[in-house]
């Protein structure tokens, strides 16, 4: 995004802040919201990245940030009983694991 940069003898170089872009990011807040919404569907990060012409690592970071904002902070009390479930991903010897507090 084109941003104006001004050299100030007192402050140094100052960069214009754009209201629709987070500082130091290369995508808009609106795109991040769309990508995060797409991540709630049962699609791979690779497919979502291809749709929006982004790197899959960027999609993963957007999804992680959205989840951190949406989900509540975990309780400080340690879990006493854990439930573990392993599942196959697309029957290709790739597996995922879910671990939850069974008493919560």
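Numbering (this note's numbering), first residue to last: 117 to 220.
For glycine and all other residues, C-beta sits at the position ideal for the given N, C-alpha and C.
These numbers come from a predicted model, not from an experiment.
Count the C-beta pairs between the stretch 199-217 and the stretch 179-186 that are closer than 8 angstroms, then say yes if the count reaches three, no if not.
-> no
Buried versus exposed, by CB contacts within 10 Å (16 or more), residue 166 = exposed
Rank 210, 213, 157 and 199 by C-alpha distance to the C-alpha of residue 219 and give the top, closest one.
-> 199
Would you list the residues sitting across from residue 123 in a DSSP beta bridge?
-> 129
Following the continuous alpha helix (DSSP H) through residue 143, name the residue where it begins and the one where it ends.
-> Segment: none, residue 143 is in no alpha helix (DSSP H) and carries neither H nor E.
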